Structure formats: C-alpha cells, structure tokens
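Enquirer:
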Amino acid sequence: KMTQQMRDLQLAQARKPPGPSSPNAAKRLYRNLSGKFRVNYTSFDEGSLAGRGEKEKLRKSYLFQSNAALFEAVELQDLDRVQELLKQYSPEELDLNTPNSEGLLPLDIAIMTNNAPIARALLQAGAKESPHFVSLESRSLHLSTLVREAEQRVNELMAQVVNEAPNADCSEKEKQLKAWEWRYRLYKRMKAGFEHARVPDAPTNVHLSVASSSSVQVTFWEPLSVNSAVVTKYKVEWSCSPTFSPPLGEAVIDKLKNLHFTIRGLVSGTAYYVQVSAYNMKGWGPPQASMPPFAIPSNWREYDGRAPRRRGQAEALDHLLGQVKTVHQHCVCHEPCKNQPQSRKHSVSKSLKHLFHPGSKFLKTLKRGLYLAAIFYKDDNILVTHEDQIPVVEIDDTYSCLLMQDFLWFTKVSCMWDETLWLRQCVTVSQSSCSCILQTRFKMLLAISQMQGLLGIQDLGQVFFEPVKDKQGNILIITLKEVKTNQTFESVRWVPICKLQTSRKSVSSPEEPSALDMLLISVQDKLAYHQWSSHALSPGLYLGYLKLCSAVDQIRVLVPERLPNILCHVKIRSNPNISREEWEWLQKMASVEEHVPAEPEAETSQNHLFQELQVAIKELMTLVNIPLQEAKDFRLYSQEVLDFGGQVSFLLLLPPSDDVCTAPGQNNPYTPSSGFLTLPLQIFELGEER
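In structure tokens:
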C-alpha cells in the first residue's frame, strides 16, 4: 500500500544523517568525499574500478540532491530557485519528468497549486504531467488518497508525541509531525485547486497565414481567463470543411515556448480551415476558429509562373570558374614571359625575392604609398607584431591615389583568398601590355600572398568598406577577421586593444595624423562594423527603403549602421511568404491611379497585409526622418518579392522616380537621423552575398 511505502520511506529517511540541502552543498560533499577516497591500491585496475564506482555513486547522489531541491522549490513556490535550477541543470540531470514516491512530478504540483509562473517555467524547460493521471477520476482518487494518508500519518505522530515522555526520540517525532502537517496542508491545497479548476477557455488571437505552396501556419495566444488552471498543451485541427467534418488532421503541441504550428504537406490551391483548442488538468476547452477562417497554400510566383531569379546561378558561376582554371592550367601564363621589358622583369623578380626572402617582415612606418593592413581580433584582444604594430605590408610605394575600380577589384579578390596564387600566375603574363591597372592589381596579389605567408593563414577576412587615407599620401586597405578558435599565427601575438591604443606612441601630429594612427584611433568602430555586418535578420517579411546617392566615381546606398549588409527596413511580420492572393492584391494596388487604393474585404489575408503595411510604412518613414505626408508619392516595387534564402523576404518602398538617386549637389531636405551610413553599391552587394 502507498501508506506503508511512505512510512518505510520516512523511517529510512529518519535513520539517515541530514544530507546537503542544495546542489551547491552536494558539490562540496562531492569534493570532500573525493579527497577522502584517494587511496593507493596495489592493483591499478582494481583501484580504477573502485574509484569509478565511488564517483558514479557520488554523481547519482549529486543528481538526486538536484532533483530533491527542485521538488522542494516548487512545493515552497520559490520561483527564483526554480529558474536557477532549470538554468543550472539539464532536464535529464534534474530528472524533470521522473515521478517521486507519491507519483507526482514538479509540474503536477505547480499546476494543482495554480502557480502559473512556476508552471510556465517548467513547461518551457520541457516538463510533462504525470502519466499516472489517465483520467479526471484517477487524478481525483490519487489526490484523495494522498490527503487521507497524510492526515492519518499526522494523527499517528500526534498521538505518539502527546503520549511519550520528552526525549531524543520524541524530539525527532515532533520534527516528523511538523513535516507531515506541512505536507498535509500542501495535498489539501492541491486537491482544492483541482476541484475548483475548470476547462480552459479558447485560445486568443488565432491567426492563419500561408507559409508556402504546400503549408499554412497558425499562431495563437494563451486563453485570457485567469480562473482556470494552467494550460499544458494545445491541439491544432484542420479540415477542408468549415464544420470540420470530416477532419483532415490534428497535432498536439506540448512545447509551449513558441505558440505556433506549421501544417505541411497540403495541396496548393485548396482551402484549409483551422481551429485551436487548449488543455489543462480538467480536459480540453472549446476550439477557436482562426482568422481568417481559411487559407489557400500558394506563393506569389504562381501569379505569373515566375522562376526564382537566382536559380542555378551559383552553380553556373562555379562551372565557369572551373572552365577558366582548366584553360589556364597549361597555357603560357604558367611559363616565364621572355618578352617583358627588362625594368619590369627586374621589378617582378625583386618583388618575388622579397616575398620569399627570410628577412621579409611587417612594416613599422609608412612612406607615401598604398598598403594592406590585416586586423585579427578575438574578444577584446587584437593581433599585433612583435613591435606592437597592426600587421601591415606594402602594396605599391609609388601609388598615391587609389582608384575606386582597383579597390572594388580587391574586395572581390577577398571572396577567394585561397585562389591568390592562381590569380597571380594568371595576371603575370598579362603584364606584357604594361597596363598600369594590371601592374597595380598584380602588386595587390603579391601583398596578399606576403601577408598570408607572414601570418601563416590564407583567409584574411572581410575588406572594410573604405580605405584609410592621410594627408601624407598614405592609403591603407583594411581587412577584418574575428578569430573564434585557438588558431596559430606566425610572427604575431595577442594584446588587449585598450593597451595597444594607450601604449603606442604616435609618430604624427594631432592635426595631421598618419594613416596608422587614424586606424588605431578608429579600430573599435571598424570592429563594430565588422560584427554588425555579419548579423542576420530573423525570419520574416520586411519593408525595405531604397535610397541611393551618386558621386563622381560611384553610387552609394543608404544602410543602417548596425546592419550594414541590409537596406533600411522594418519588419512587417514573422511569416516571409507572400501568397498568390496577397500578390494579386498588391499588383492591383500598384496599378490604380488613385493615391489611396480601396481597402480589401475584412477577414481576408489581403486585409491583414494591408493593415500590416500601413503600420510598417509609418514606422519606416519615422525611421528615415521623412514626413508621413511625403509617403503618398512613394510606391511599392511590384516587379518581385526579394527573397533571401527562403526565410527572409523584402518588399521595397521606393521614393518618386526623380528622388531614388540623389545627384551630387542636389538638395535632400530629409536627412536620416544618426545611425545610418552610405556604402558603395558594389560593397553593399558583396556584403549581401556574404
């Protein structure tokens, strides 16, 4: 019987010395015992086996203490302690879903005492209800048994305490009596919580959207009612009939961290109705139909049968590069060129000798010319030479004006650092034409190879979007790379960035700082840019703002500082898919002559998108500092939805045609607030590809 089992358990616990009351105490016990068990055995194998056995016992004891601590925290309604334990240990270590001697789980105690915060914390950690409660009757019977046996035990101990003379045993029984009185009150509270609970209300804000050509997604919130017990799971049902007869399928959601579900494997062009219901310890509540009531799986491309823009492009480029490599493997570009002018031949020979000469090293100071600087960082440390300098090598000491075309070519080379040697071999022969451009690019490849050789690494990272220039005619092209593993480098060492900035002595005046000083002063900004440019957007549909400005030799695009690889944007919704019906409505809206198109019918996906766009446009106009009344002349780009990997998609908001690109000297009255920058268009496109 349960009563006898509980008595035996209590007697056994009474005979045991008090153990540690928390996992931290268990850790101390483990350390102390580990020291005591260090004994020299004559047999190494026997000692190893004995040691492993003792450690396994201690480990199990340690985890048992963690489990007991969790039960105690839930029973005492100590939310902070529960959260601490869930953060410190995995569900397996806590035995989160293993019933105790009373057949209860931590989640059972939380929901039957109606402690919603603790119950939610347990549910998000993966807690389940006890499998013993297969019906309402079984739960009620179990609780009644617990209350009755606890009451019986209290009465027995009360009689023993009253009748016995004061002694050590009596004092121990008084402690047991207090413990059982507290447990009796707990079981009564759990029983009352169960009896007064009712089935949950229907979930709220049940929203249905089209996720793809073969799936729909339903999102929902928990019921509003505070009188019913904690909801522990939800059920999603779908059908082709509004009466759900016959039903097509259902899914039970017991992981409640995110309340959404995607129904997959559906037929494109077919309407599906969806409803959601909630469950607590009293059973299933009424279902709530979605809004809109049905959805038709589709994608905007089905509107005109358009294929993805980039389908097969990456494969085609890889194939083309392979063909080029094959052609160059046996061509004259791998043979010494005999027809080069003597001066040029001597220059190339000198450069190659310098590259492979054991005395090749990083530069300490800059003369008038073009240089390459490589910034490697890890946490708050930066890689420097033995002279405490950022690694710098010379590209060309006669080059004082970096052309944008050369810089953009260098950024493209950064996408194939491993191919530098092959590129250098191919460019070598082409120098017979004595092209200044080819000579500069060949020197760039030489500098890249030299930097790779000195550091002992191929990947130099990402090129910063603009060179650093000083008034002495020095130009620095900067590469940035974050090191996340314990990589080995040659001829360099790690130092804290702050130490480098404070200890380095400037060799230039504050009025006219050198390029190296300018780099060191702004290194934090450049590291921040590099980290921000690697951030990715969360899945969803976004509204982007396309604004360009032109200069003499380039076109620049407006981007946010903290996400420079993406256009200025706001999020419209979490679902990135645009359905065929939504796209058809957008096409009609783009074709009407009136400034304010007719609002779509209520309770449709088009109406929901219309409302989402209104909110997003207002938010975007505020972000880029454009008065809302000016937005009436803006237009949505209706040629396509920009798709990035299937999880992120963009609708573009365009200014009037004359204002899409601001010409040099043209007045722009609406300047975005701080937090934005303009990138060369080619750099932006390169970052977007990364």
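Going by UniProt numbering, the first residue of the sequence shown is number 1, and it counts up by one from there. A virtual CB, placed ideally from N, CA and C, is assigned to each residue, including glycine. Just so it is clear, the structure is predicted and the values come from calculations on it, not from any experiment.
(1) When the Cα atoms are used, what is the spatial distance from Asn474 to Leu366?
(2) Which first and last residues belong to the alpha helix (DSSP H) in which residue 693 is found?
(3) What is the DSSP secondary structure of Leu256, reduced to helix, strand or coil?
(4) So what does DSSP say about Tyr187, is it helix, strand or coil?
(5) Per DSSP, what kind of secondary structure is Tyr89 in: helix, strand or coil?
(6) Given this structure, state the Cα-to-Cα distance separating Ile390 from His530, to the nearest angstrom.
(7) Just to check my reading of the structure: Arg306 and His386 have Cβ atoms closer than 8 Å, yes? What is that Cβ distance to the nearest angstrom?
(8) Cutting at 7 Å between CB atoms, please list the residues of its own chain near Ala631, excluding the five before and the five after it.
(9) In three-state DSSP terms, what is Cys568?
(10) Under the three-state reduction of DSSP, which class applies to Leu157: helix, strand or coil?
(11) So which of Leu383, Glu490, Gln65, Glu250 has the shortest CA-CA distance to Glu482?
(12) Where does Tyr377 fall in DSSP's three states?
(13) Please return the same chain residues whose Cβ sits closer than 6 Å to the Cβ of Trp221, not counting the five positions on each side in sequence.
(14) How would you call Val252, buried or exposed, if buried means at least 16 neighbouring beta carbons within 10 angstroms?
(15) Report yes or no: do the stretch 83–93 and the stretch 184–195 share at least 3 C-beta pairs separated by less than 8 Å?
(16) Using a Cβ-Cβ cutoff of less than 8 Å, which residues in the same chain neighbour Thr678 once the five nearest sequence positions on both sides are dropped?
(17) Here's the rule: buried if 16 or more other CB atoms are within 10 angstroms of the residue's CB, otherwise exposed. What is Arg139?
(18) Closest to Leu266 by CA distance: which of Trp180, Ser214, Asp201 is it?
(19) Please report the straight-line C-alpha distance between Ala68 and Asp95, rounded to a whole angstrom.
(20) Since I believe Ala211 is in contact with Asn577 (beta carbons under 8 Å), could you give me their beta-carbon distance rounded to a whole number of angstroms?
(21) If you check the beta carbons only, do Pro117 and Leu70 fall under 7 Å apart?
(22) Can you tell me whether Pro297 sits near the ligand GTP, meaning its C-beta is under 6 Å from at least one heavy atom of the ligand?
(23) Over the uninterrupted beta strand (DSSP E) stretch that includes Phe650, give me the two end residues.
(24) Suppose you measure from the CA of Glu315 to the CA of Leu321; what does that come to, to the nearest Å?
(25) Should the stretch 277–284 be regarded as contacting the stretch 225–238, the criterion being three or more beta carbon pairs within less than 8 Å?
(26) Per DSSP, what are the beta-bridge partners of Ala295 in this structure?
(27) Have a look at Pro287 and Leu613 and give me their C-alpha separation to the nearest angstrom.
(28) Following the continuous beta strand (DSSP E) through Gln217, name the residue where it begins and the one where it ends.
(29) Pull up the CB-CB distance for Val413 and Ile448, whole angstroms please, since I reckon it's below 8 Å.
(30) With distance defined between alpha-carbon atoms, name the residue in Gln275, Ser225, Lys255 nearest to Thr243.
(31) Locate the beta strand (DSSP E) running through Phe634, then write down its first and last residues.
(32) With a threshold of 16 other CB atoms inside 10 Å of the CB of Gln452, please say whether the residue is buried or exposed.
(33) Given Thr42, which residues of its chain have a CB within under 7 Å of its CB, disregarding the five upstream and five downstream residues?
(34) With respect to the alpha helix (DSSP H) encompassing Phe644, which residues constitute its N-terminal and C-terminal limits?
(35) Starting from residue 700, trace the alpha helix (DSSP H) both ways and give me its first and last residue.
(36) If Glu584 and Tyr303 are in contact, beta carbons under 8 Å, what's the gap, nearest whole angstrom?
Expert: With the given structure in hand:
(1) 7 Å
(2) Residue 693 is absent from the model: the chain starts at 1 and stops at 690.
(3) coil
(4) helix
(5) coil
(6) 17 Å
(7) Actually they do not touch by this definition, with Cβ atoms about 58 Å apart.
(8) Ile617, Met621
(9) strand
(10) helix
(11) Leu383
(12) strand
(13) Thr204, Asn205
(14) exposed
(15) no
(16) Cys549, Arg556, Val557, Leu558, Val559
(17) buried
(18) Ser214
(19) 10 Å
(20) 5 Å
(21) no
(22) This structure lacks the ligand GTP; in fact it carries no ligand of any kind.
(23) 648–654
(24) 10 Å
(25) yes
(26) Tyr272
(27) 30 Å
(28) 215–221
(29) 7 Å
(30) Gln275
(31) Per DSSP, Phe634 belongs to no beta strand (DSSP E) and is neither H nor E.
(32) buried
(33) Annotation note: pLDDT 38 at Thr42 (below 50); position unreliable, coordinate value reported separately. For Thr42, where only same-chain residues beyond five positions count, there are no Cβ hits under 7 Å.
(34) Premise fails: Phe644 lies in the beta strand (DSSP E), 642–644, not in any alpha helix (DSSP H).
(35) The chain is shown only over 1 to 690; residue 700 falls outside these bounds and no answer can be derived.
(36) 6 Å
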